[in-house]
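All you need for the working numbering is the position in the sequence shown, starting with 1, plus 1103.
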Amino acid sequence: MPEHVPVLKNEVAELLNITEEGIFFDGTVGLGGHSAAILNANSANYLYGTDKDSEALEIAGKNLELFQGRFTLFHSDFRNMKDLLLPMDIAKIDGFLFDLGVSSFQLDNPGKGFSYAQDAPLDMRMDKNQTLSAFDVVNDYTHEQLTDIFKRYGELGNPAKIVDQVVFHRKAKKIETTGELKTIIRRVAPQQKTMDPLARVFQAVRIEVNRELAGLEDFFGDLFNMMKPGARVVVISFHSLEDRIVKTALKRARENGIMNILTPKPVTAAENELRMNPRSRSAKLRAAESESREEREGARRKVK
Ligand SMILES: C[S@@+](CC[C@H](N)C(=O)[O-])C[C@H]1O[C@@H](n2cnc3c(N)ncnc32)[C@H](O)[C@@H]1O
1104 MPEHVPVLKN EVAELLNITE EGIFFDGTVG LGGHSAAILN ANSANYLYGT
1154 DKDSEALEIA GKNLELFQGR FTLFHSDFRN MKDLLLPMDI AKIDGFLFDL
1204 GVSSFQLDNP GKGFSYAQDA PLDMRMDKNQ TLSAFDVVND YTHEQLTDIF
1254 KRYGELGNPA KIVDQVVFHR KAKKIETTGE LKTIIRRVAP QQKTMDPLAR
1304 VFQAVRIEVN RELAGLEDFF GDLFNMMKPG ARVVVISFHS LEDRIVKTAL
1354 KRARENGIMN ILTPKPVTAA ENELRMNPRS RSAKLRAAES ESREEREGAR
1404 RKVK
């Protein structure tokens, strides 16, 4: 397999302070590109990682073989982080990374049914153990439910025509593949240059299937509690809905005096990365640092 170069690799390395010895948590291990960089940066670094996709984790395990004994991977949603780490007596972490969304490995794999670029069974589950799939959403959700998710997660202003078409077609025959869904949508929503309606519908179904935004904001509460003073968190998001949640959570933590924001504006990919990896064009990175012990003690002294 060619070397897997993760998105914004250098920017993550710098903002996560990976050359300084620490315990790191990679919530979205994928094929282990960022995890490998973390383990490679300092031989004393230890990494805990999660991913919902067991196939990706298996490959990551192999890609990280060189670092045997210095990492633990869990097939889990990162939102279970506290429940996974506390029983292992890991209460505080030096650096957290979340490279959200789907990977190229998932998008390019027809068996996973994420993409309309190849015709494949409608699936879109990151975690094959869960029952809800894209097939269920497209065929079983009511007109009202589909309208709601296309508006909320696809940010489609008026999805009525698309929903009508989906509901009309599935009455005669269940919609089974990404290709069938694409043909149905294209009948009423011609291709557009910016954020094509087809891409928006697929994004909405994917977010719904994987519950990508559910509880994300609350999760940041757990995370801030698990940060050592001076610890860093880096989050890369690929769509505005996710980025808005991250931005709001970090802003609120800054207002509450527990975090310093390191990226007043989100960091995006540089020209050369955009050329090598067109998918990096929608990546937005935000980073923050928990208040250091000195800052916290200084603030307390001022209050006294
Ligand atoms: C953009 S990829 C990460 C790529 C990774 N940084 C690398 O270097 O290979 C996102 C990964 O996060 C996983 N994922 C998305 N949401 C998750 C969640 N809530 N919990 C655990 N894994 C998640 C996906 O299955 C996918 O493998």
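A virtual CB, placed ideally from N, CA and C, is assigned to each residue, including glycine.
According to DSSP, residues forming a beta bridge with residue i
{"i": "M1362", "result": "S1393"}
{"i": "V1370", "result": "L1388"}
{"i": "S1340", "result": "K1387"}
Reduced DSSP secondary structure (H/G/I, E/B, other) of residue i
{"i": "R1335", "result": "strand"}
{"i": "F1128", "result": "strand"}
{"i": "L1119", "result": "coil"}
{"i": "K1112", "result": "helix"}
{"i": "M1330", "result": "strand"}
{"i": "S1383", "result": "helix"}
{"i": "S1207", "result": "helix"}
{"i": "F1217", "result": "coil"}
{"i": "L1353", "result": "helix"}
{"i": "N1212", "result": "coil"}
{"i": "L1377", "result": "helix"}
{"i": "M1104", "result": "Bear in mind that the predicted position of M1104 carries a pLDDT of just 40, short of 50, making it unreliable; the figure below should be weighed with that in mind. In the structure shown, M1104 sits in coil (DSSP, three-state: anything other than H, G, I, E or B)."}
Heavy atom of ligand 1 within 7 Å of residue i beta-carbon
{"i": "S1236", "result": "no"}
{"i": "E1315", "result": "yes"}
{"i": "M1229", "result": "yes"}
{"i": "V1205", "result": "yes"}
{"i": "P1109", "result": "yes"}
{"i": "H1137", "result": "yes"}
{"i": "L1326", "result": "no"}
{"i": "R1182", "result": "yes"}
{"i": "D1222", "result": "no"}
{"i": "L1167", "result": "no"}
{"i": "L1134", "result": "yes"}
{"i": "T1250", "result": "no"}
{"i": "Q1209", "result": "yes"}
{"i": "A1307", "result": "no"}
{"i": "D1202", "result": "yes"}
{"i": "T1297", "result": "no"}
{"i": "L1130", "result": "According to the sequence displayed, residue 1130 carries Gly and not Leu. G1130 Cβ: within cutoff of ligand 1."}
{"i": "T1153", "result": "yes"}
{"i": "A1159", "result": "yes"}
{"i": "D1156", "result": "yes"}
Where the beta strand (DSSP E) containing residue i begins and where it ends
{"i": "T1175", "result": "F1174 to H1178"}
{"i": "I1196", "result": "I1196 to D1202"}
Boundaries (first-last residue) of the alpha helix (DSSP H) holding residue i
{"i": "F1253", "result": "H1246 to R1255"}
{"i": "Q1233", "result": "Per DSSP, Q1233 belongs to no alpha helix (DSSP H) and is neither H nor E."}
{"i": "D1222", "result": "That residue, D1222, is in no alpha helix (DSSP H); it is neither H nor E in DSSP."}
{"i": "M1191", "result": "Taken as a continuous stretch (DSSP letters only), M1191 belongs to no alpha helix (DSSP H), as it is neither H nor E."}
Point to revise | Length-filtered (3 minimum) beta strand (DSSP E) runs lying within the region 1137-1172 | key: With a minimum length of 3 residues, the continuous beta strand (DSSP E) runs that stay inside the region 1137-1172 are 1149-1154.
Practice item. Enumerate, from N- to C-terminal direction, the unbroken alpha helix (DSSP H) stretches of 4 or more residues contained entirely within the region 1259-1337. Key: Counting only runs of 4 or more, we get 1263-1275, 1281-1291, 1300-1313 and 1319-1328.
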